[in-house]
Every structure is written in C-alpha cells, then in structure tokens.
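Report on the following structure.
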Amino acid sequence: MTTNNKYENLPFKLTLDIPFQCQKHIDIVLKSSIVTDELINIDNNIQSETSMGDINKFVIEYFTVENVLSLRFHSIDIRLLRLISNNLIENVKLSIECIDEFQ
Amino acid sequence: MLQPELQKVLPKNGKDYYICLGLEGSANKLGFGVIKQSLSDPLDTEVISNIRDTYNAPPGEGFMPRDTARHHKNWSCRILKQVIEECKEKLGQGFDIKKDIDCIAFTKGPGMGAPLHSVCVFARTLSLLHNIPLIPVNHCIGHIEMGRCITKGLNPVVLYVSGGNTQVIAYSNNRYRIFGETLDIAVGNCLDRFARILKISNSPSPGYNIEQLARKGKHLIELPYTVKGMDLSMSGILQYLEQLTKSFLSNGSKFSKQKKRKLLEYLNDTEMIDSVEITVEDLCFSFQEHLFAMLIEITERAMAHVGSDEVLIVGGVGCNLRLQEMMETMCKDRNGKMFATDDRFCIDNGVMIAQAGVLQYRYGYVLENLKDTRVTQTFRTDEVFVNWRE
C-alpha cells in the first residue's frame, strides 16, 4: 500500500495483521469493536471507508487481504499509540472470543 | 392496559411470548439474564435465568474502571454459557440463541465508560453474529420497569438508590420525571466510601456490611442533615464523618470526653454521656439513620406532590432492610403501600435490562445505525421517551 507518504507527519507506526476464518467474521469484528466507536482521546474523529481518526494526531487504516484483517496505526506520539492500540486489541480479543464460543 | 395498535413487533416463530437476553455491566457487577414475556400482558414476565458476577476490590479500595472492564471481559463468555445451560434446562434442550431469542438488550448508560463499553462490544458481536435485533437500554429505566413488574401495573413513586444514582422518580406524560436527586454524590457511593475509611470488606458489598454493623449500634450521634428543596447533598456529611472517623481510629477507637459530649449534646445528660462508649457500630448506625431519613423526606414530599399512595424502592441500596423499614413506617402514616425487592432484582442484574429492552422492542424500537449503540456515561432517566405506557 502506498500509504506511508500520506501520514508522514505521524512518525510512530504499528501494523497488526489478524487472520480470520472468513470475511463475515472480519466484518463483525470491525463493526462491533473498531469502527463504531470514536477513538479515545481524539476530538476530531473523521471516518472514511478505510480509515478513521484525526490526520494531525492519530489515524487507523484498515483493510482486508485474503481473510487477514490489517490494521495500521499512525500516531503523533508513542503514548497515544500505546493507549489506543492496547484498548483496541482488548476489544478485538473479546469480540473474537465471543464469535469463537457462540457461532 | 395493553395498546394493541402500538404492538408493532410480534415474537419469532409465531410464539405467544418474547424471549429476551439482557446484558448489564454498568458498574462492578456483570449480570446476564433471560426473560420470557407474555404477548398478552407486558407485565407478565417469567425469569428464565439470572446470573451475576461481582468484581470486588480489596478492603480500603474502590473498584477502578480499568480493572472492572477487564473483569467483565474475562467473564462475559463464561456467564453467557451458564445462562444458556439454564435456558436449556427450563426451555428444553433444543434452545438455541439464534433461533429462540427475539432481541438482545444491553446497558447504554449511565455508568462507568470502560465497563459499559466492554459489555457493549460483546452485545454487538452477539447481535451481528446471529442477526438478532439489538436494543440499547437506559439503566435507570431498567430498574423502574423491573420494579413495575413486581408491583403489577400500579403507578408508584420510585426511589432509585444505588452506588451511582439517587433519584426520586414519578411517571408523567410518557416520561419518567425526576422529582428530586442528589446534588453531588450518590447514597451508595457515600456508604462505600465510608466503608473504605473503616476498611470494611467489599464482599458481598460494602453497604451490606455497614448494615450488619449498624444493627448493633445503639447511640445516635448528631451528623449534618442536608435536604435542599427536593434535592439532597451528601458530600458534606461524608466529609464530616471522615474527619470524625479518622480521629476516632487514631485515638485507639474511642472519642475524647469533650468530643463525646459535643456529639451526644442533644441528650442533655452529661453524666449519662460520660458513661457511654461510642463504637464503630454506632457510627454506622448514625450514618445510616441520617442518610435514610433524608431520602424518606424527599420521597414523602414527592408522594404528596404527585398524589400517589405507593412507593417502590429500587437499586442496590434498596435491599437495605433498615431503609425498607423506615419507608414502611412513613407509608403506614400516609395509608400508603411500600414495595421493595430482594437482592436478586434490587442489585444490578441482566433481567431488568431484558425487561426494559423487550418493552422497547415490542413497541417498535428499531436500531437504525450501529452508532446509536455507543455507550454514554451521562444518560438521564427523563431523556427516554416511554411509548409503552399510557
């Protein structure tokens, strides 16, 4: 992806690749724990098809390639990156556990 | 009673009852419940399953949002499994979430953000996975509707007292109106914080342990009493008692002669005052008496204002027997009736969320955008439009 240039002003980056069984599960996890809520500690939260956040502070990009959900975090400082990624991973974990147990 | 024209949604598979799963986790309690509500009467509800797990902090500490959220995340799946087991026992082995549950209700607010959000994520996943309608519910409305289920359709004044809320509520014109409330902290919070100073155990709940101690109390000491119109203020009384207790504990669990004379001044008998010892039990007793008297005062005023004879106590503090006793006495004087529930339905639980959720569902609530399920920490009781009552 040619996104690296776009968020040059956000130097701290993290990529998460989460493999899933099928596309349906990816949709459920995205909707239930990632895109529906506003990001914490971000005031100006703008959402598009493939990204969310504030381009001056913190952005998450998300896309799927062959049943793998890719999340790319771009952050202005390390603290914010740690806070939001931690929080997000916790929620994704709960969502996956729920799908695993009750599908 | 029933408004057929408003009954927009019928149960799945042509049944004559609704099955709803309620998920609650607005504070330190995680409660899941399943109810069966009859199609002909919204107040005819049978509890199929009601399971709760409480996160308790160590003595001397309160529960932190982060830890509470982690507790809820860890227990959600396990509790739902237990609930499903119970449903299978009572509704037959063929019970299946996807096939049988009409709607999933969860707490949208008010409460602590982190725990609310973890339950919300769980509810969303379950709903998307099985394509079951999702209903966001106001926590206070849940308490009121559960109480109404018990009083069977009367129109009581509701005293809602818990760890986070203190409100006197009555129904009028499609809203539950707040007649009086706390101006600062809630009564349960006040009790919890007092328990923290005394390092009383948080299990099963700080309020319950204070109640047990208070039963042994004999001497009433004078504390501040703050009722402002229909509202209350409790931070002052807590602050005062906090200072008092700290000096009490640092003085080897007793008061100096002078202090004792001042605290029991109203007795007007110095000799007797000097002969008594004030204990921790007396502190708990006096604290409870003062707090509850304030609550009874505003409730009585609300009853007179609305012209109602019935009172319903809901919320975690509502299972305090002393509060119920005081309310009973007040109601007797007014020829009224008092309703209260036991700890299964007083303390936060999933069943009450399910009850309120199914009412919203059957009278036509449809979630338009998943963003409407975002949790909110401030969600007032009178924001909800109550279309299921006349």
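As they're listed, the protein sequences go chains E and Y.
Per our numbering, residue 1 is the first one in the first sequence, and the count goes up by one each step.
Per our numbering, residue 1001 is the first one in the second sequence, and the count goes up by one each step.
Idealized CB from N, CA, C, for every residue including glycine.
Does DSSP put residue i in a helix, a strand or coil?
i: F102(E); result: helix
i: M1358(Y); result: A quick correction: the sequence has Val, not Met, at residue 1358(Y). Three-state DSSP puts V1358(Y) in a helix.
i: H1071(Y); result: helix
i: C1020(Y); result: strand
i: I1132(Y); result: coil
i: G1111(Y); result: coil
i: R1322(Y); result: helix
i: H25(E); result: helix
i: V1187(Y); result: helix
i: H74(E); result: strand
i: R1124(Y); result: helix
i: P19(E); result: strand
i: Y62(E); result: strand
i: Y1208(Y); result: helix
i: D1046(Y); result: The displayed chain sequence assigns Glu, not Asp, to residue 1046(Y). Looking at E1046(Y) - three-state DSSP - the assignment turns out to be strand.
i: A1340(Y); result: strand
i: M1(E); result: For M1(E), the pLDDT reaches just 47, beneath the cut-off of 50, and the residue's location in the model is therefore unreliable, leaving the point undetermined.
i: R1052(Y); result: strand
i: V1375(Y); result: coil
i: N1138(Y); result: strand
i: K13(E); result: strand
i: T1166(Y); result: strand
Tell whether a beta-carbon distance below 8 Å holds between residue i and residue j.
i: I1437(Y); j: A1340(Y); result: Since the displayed chain Y opens at 1001 and closes at 1390, residue 1437(Y) lies outside it and no answer follows.
i: Q1288(Y); j: A1214(Y); result: yes
i: V1386(Y); j: I1035(Y); result: no
i: I28(E); j: L1129(Y); result: yes
i: Y1176(Y); j: D1382(Y); result: yes
i: Q1355(Y); j: G1180(Y); result: no
i: G1164(Y); j: G1111(Y); result: yes
i: L1241(Y); j: F1194(Y); result: yes
i: R1261(Y); j: G1060(Y); result: no
i: L80(E); j: F58(E); result: yes
i: I1084(Y); j: I1104(Y); result: no
i: T1279(Y); j: C1149(Y); result: no
Taking 8 Å as the threshold (beta carbon to beta carbon), is residue i in contact with chain Y?
i: F63(E); result: no
i: E101(E); result: yes
i: N50(E); result: At residue 50(E) the sequence reads Thr, which differs from the Asn that was named. No, T50(E) does not count as interfacial toward chain Y.
i: I28(E); result: yes
i: C22(E); result: no
i: N67(E); result: no
i: E8(E); result: no
i: S33(E); result: yes
i: S95(E); result: yes
i: D17(E); result: no
i: N91(E); result: yes
i: M1(E); result: A caution first: M1(E) carries a pLDDT of 47, below 50, which makes its placement in the model unreliable, though a value can still be read off. So, not an interface residue.
i: D37(E); result: yes
Note down the Cα distance separating residue i from residue j, rounded to an integer number of angstroms.
i: H1305(Y); j: V1158(Y); result: 13 Å
i: L115(E); j: G1316(Y); result: The structure shown does not extend to residue 115(E), since chain E spans only 1 to 103, so no value can be given for it.
i: G1217(Y); j: L16(E); result: 59 Å
i: K1257(Y); j: T1270(Y); result: 10 Å
i: E49(E); j: H74(E); result: 17 Å
i: M1326(Y); j: D54(E); result: 55 Å
i: M1001(Y); j: D77(E); result: Legend: pLDDT at M1001(Y) = 48, less than 50; position of this residue unreliable, value from coordinates given subsequently. Cα to Cα, M1001(Y) sits roughly 59 Å from D77(E).
i: V1384(Y); j: L1267(Y); result: 49 Å
i: I34(E); j: K1332(Y); result: 54 Å
i: S1076(Y); j: A1186(Y); result: 27 Å
i: V1416(Y); j: I1221(Y); result: Nothing can be reported for residue 1416(Y): it is not among the residues displayed for chain Y, which extend from 1001 to 1390.
i: F1248(Y); j: L1291(Y); result: 21 Å
i: L1370(Y); j: A1057(Y); result: 33 Å
Please classify residue i as buried or exposed, where buried requires at least 16 neighbouring CB atoms within 10 angstroms.
i: P1136(Y); result: buried
i: S1250(Y); result: exposed
i: W1388(Y); result: buried
i: D1102(Y); result: buried
i: I46(E); result: exposed
i: M52(E); result: buried
i: T1182(Y); result: buried
Within 8 Å of any Cβ in chain E, is that where the Cβ of residue i sits?
i: R1374(Y); result: yes
i: V1121(Y); result: yes
i: S1391(Y); result: With chain Y represented from 1001 up to 1390, any question about residue 1391(Y) goes unanswered, as that position is not in the structure.
i: C1103(Y); result: no
i: T1166(Y); result: no
i: C1077(Y); result: yes
i: S1201(Y); result: no
i: K1073(Y); result: yes
i: S1118(Y); result: yes
i: R1380(Y); result: no
i: K1371(Y); result: yes
i: I1132(Y); result: no
Is the beta carbon of residue i within less than 7 Å of some heavy atom of the ligand MG?
i: L1312(Y); result: Absent from the structure shown: the ligand MG. Ligands present: none.
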